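Structure first, commentary second.
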Amino acid sequence: MAKRIIISGGGTGGHIFPAIAIANALKKLDPDTEILFVGASGRMEMEKVPAAGYKIIGLDIQGIQRKSVWKNVMFPVKLLNSVRKAIKIIKDFKPDAAVGVGGYASGPLLYAASLKGIPTLIQEQNSYAGITNKWLGAKAKKICVAFDGMEKFFPFDKIIKTGNPIRKDSVNIAGKHMQALELYKLSSFKKTVLITGGSLGARTLNSSILAGIEKLVAADVQVIWQTGKFYYKAIVEQLGIDYHPDVCVVEFLNRMDLAYAAADVIISRAGAGTIAELCVIKKPVILVPSPNVAEDHQTKNALALVQENAAVFVADRDAEAKLVDKVLALLKDNDLQKTLSNNIGKLALPNADDVIAKEVIQITNNN
């Protein structure tokens, strides 16, 4: 008999993409599986999930605002109302299991599911678990993780290391190096650095590259620079639209596979989804974690790789002064590049979506 599964969470692409990947994998296992998403009203999942072909219901829920006490006044009311609505959703949909991927909606939905005796599975993407997931983990049947050492946060017997679902089309780079160089009008005789701060961009990465762009050009290094939509206009105005033939400035990378394929070294933030892709790509990476995330989890994600000698770490506060010099030093050190590539490749778990989908079905069968 076909299963009925609720998947909850969102807020950022780092939560939404894994959620959709798990849904697709469930459909691949059994096309008759019925899937309902539950997200936070007004957040990006309310647009991205229907675009992927799935139904979603929104809860009026927000996170705790650390910078403004006044914005938290309505939090208890919204939380209570969200739990009530989640209980009604569960009553109406009658799921066989509920999956939480993180984000504001995950908490109320998984809590409501556990109240109603529905088996739950948590997909924890980061190397440092958030407060809500730690609390929900006590009742969950399974907790799928991407990093070692997660027994600090969850019961050991519930943990399974699956990795994070990745965008398969983004990491399919085999045999695409020349095609990638053609797309970006770059030379095969020069080293290429890819800078990616995500679709919105990363202020520190952009300011650091701006500060050192002349050094990179002087060293005969090619640059593919994704600025993100918030910063593109200002950077192009500052540099000029045709700053240098070796510097390709783009707002957004529509073909992530070709950007990865072109790169000799990658500079990136340290979101869990990005790291999962970088492990499969197997290129030398310099990670500059964002400090503006809950529990500083990007720093912890990055350090998990540094411990394995699988990435170079530059703190956000040091990036403007040190990042470009670190890149140039790495480009000259072929042995270190090989070591980083080999070690990051050992951490790759490319089939996380399929493994997690099978775990979801397993908890429905065991209930």
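The opening residue of the sequence shown carries number 1 in full-length UniProt numbering; numbering runs sequentially from there. Think of the CB as a built atom: it goes at the ideal place given N, C-alpha and C, for glycine as much as any other residue. If you're wondering where the values come from, they're calculated on a predicted model, not measured in any experiment.
The alpha helix (DSSP H) that contains residue i, what's its start and end?
i           : result
residue 49  : 45-51
residue 106 : 106-115
residue 290 : Neither: residue 290 is in no alpha helix (DSSP H) and is coded neither H nor E.
residue 356 : 352-365
residue 341 : 334-346
residue 208 : 203-218
residue 20  : 13-29
residue 259 : 256-262
Taking the continuous beta strand (DSSP E) assigned at residue i, which residues delimit it?
i           : result
residue 227 : No beta strand (DSSP E) contains residue 227, which DSSP labels as neither H nor E.
residue 145 : 142-145
residue 123 : 120-124
residue 58  : 55-59
residue 40  : 34-40
residue 280 : Unbroken run through residue 280 is the alpha helix (DSSP H), 272-281; no beta strand (DSSP E).
residue 130 : Here residue 130 belongs to no beta strand (DSSP E), and DSSP marks it neither H nor E.
residue 4   : 4-8
residue 241 : Counting along the chain, residue 241 falls outside any beta strand (DSSP E), and DSSP gives it neither H nor E.
residue 97  : 97-100
residue 221 : No beta strand (DSSP E) holds residue 221; DSSP gives it neither H nor E.
Since residue i and residue j are thought to touch, with beta carbons under 8 Å apart, how far apart are those beta carbons, to the nearest angstrom?
i           : j           : result
residue 102 : residue 58  : With a Cβ gap of about 16 Å, residue 102 and residue 58 do not count as contacting.
residue 99  : residue 121 : 5 Å
residue 6   : residue 38  : 6 Å
residue 248 : residue 186 : 7 Å
residue 174 : residue 320 : Incorrect: roughly 36 Å between the Cβ atoms, too far for contact.
residue 115 : residue 87  : 7 Å
residue 349 : residue 162 : 7 Å
residue 108 : residue 61  : 6 Å
residue 194 : residue 302 : Actually they are not in contact, since the Cβ atoms of residue 194 and residue 302 sit about 17 Å apart, beyond 8 Å.
residue 330 : residue 250 : The Cβ separation is near 23 Å, so there is no contact.
residue 9   : residue 82  : About 13 Å; that fails the 8 Å criterion.
residue 275 : residue 327 : Contact flag wrong, Cβ pair sits at about 19 Å.
residue 324 : residue 207 : With 8 Å as the limit, residue 324 and residue 207 do not qualify as a contact, their Cβ atoms being about 11 Å apart.
residue 353 : residue 25  : 4 Å
residue 357 : residue 22  : 6 Å
residue 183 : residue 258 : 5 Å
residue 176 : residue 315 : With a Cβ gap of about 33 Å, residue 176 and residue 315 do not count as contacting.
residue 113 : residue 143 : Contact doesn't hold; Cβ gap of about 15 Å is too wide.
residue 42  : residue 104 : About 10 Å; that fails the 8 Å criterion.
Count the other CB atoms within 10 Å of the CB of residue i; is the residue buried (16 or more) or exposed (fewer)?
i           : result
residue 225 : buried
residue 119 : buried
residue 1   : exposed
residue 340 : buried
residue 154 : buried
residue 277 : buried
residue 451 : Examination of residue 451 is not possible in this model, given that the chain is present from 1 through 367 alone.
residue 188 : exposed
residue 254 : exposed
residue 223 : buried
residue 359 : buried
residue 178 : exposed
residue 218 : exposed
residue 14  : buried
residue 80  : exposed
residue 171 : buried
residue 95  : buried
residue 334 : exposed
residue 117 : exposed
residue 233 : exposed
residue 241 : exposed
residue 85  : buried
residue 221 : buried
residue 338 : exposed
For the ligand MN, I want to know if residue i counts as a neighbour, meaning its beta carbon is within less than 6 Å of at least one of the ligand's heavy atoms.
i           : result
residue 115 : Within the structure as shown, the ligand MN is missing, as the structure has no ligands at all.
Taking 7 Å as the CB-CB limit, is residue i close to chain E?
i           : result
residue 280 : The structure shown contains no chain E; it holds only a single protein chain.
### Task
Please confirm if the segment 343-354 is in contact with the segment 262-282, defined as three or more CB-CB distances below 8 Å between the two stretches.
Below 8 Å, enough C-beta pairs join the segment 343-354 and the segment 262-282 to call them touching: three or more.
### Message
If contact is defined by three or more beta carbon pairs under 8 Å, each pair taking one atom from either stretch, is the segment 33-51 in contact with the segment 136-149?
### Response
Counting Cβ pairs under 8 Å, fewer than three are found: no touch.
### Query
Mind pulling the alpha helix (DSSP H) runs of 4 or more residues that sit fully within the segment 160-191?
Within the segment 160-191, the runs of alpha helix (DSSP H) at least 4 residues long that lie entirely inside it are, in chain order, 168-171 and 177-183.
### Task
Check whether the segment 286-295 touches the segment 257-276, taking contact to mean three or more Cβ pairs, one atom from each stretch, closer than 8 Å.
Cβ pair count under 8 Å is three or more, so yes.
### Query
Per the contact definition of three or more C-beta pairs closer than 8 Å, is the segment 118-129 in contact with the segment 150-165?
Yes, since at least three Cβ pairs between the segment 150-165 and the segment 118-129 fall closer than 8 Å, the two stretches touch.
### Query
Should the segment 237-252 be regarded as contacting the segment 152-170, the criterion being three or more beta carbon pairs within less than 8 Å?
At 8 Å Cβ cutoff, the stretches do not touch.
### Three-pair Cβ contact test at 8 Å for the segment 303-310 versus the segment 353-365
No, the segment 303-310 does not touch the segment 353-365.
### Task
Pick out the complete beta strand (DSSP E) segments inside the segment 290-323, 3 residues or longer, and give them in chain order.
Counting only runs that start and end inside the segment 290-323, there is no beta strand (DSSP E) element of at least 3 residues.
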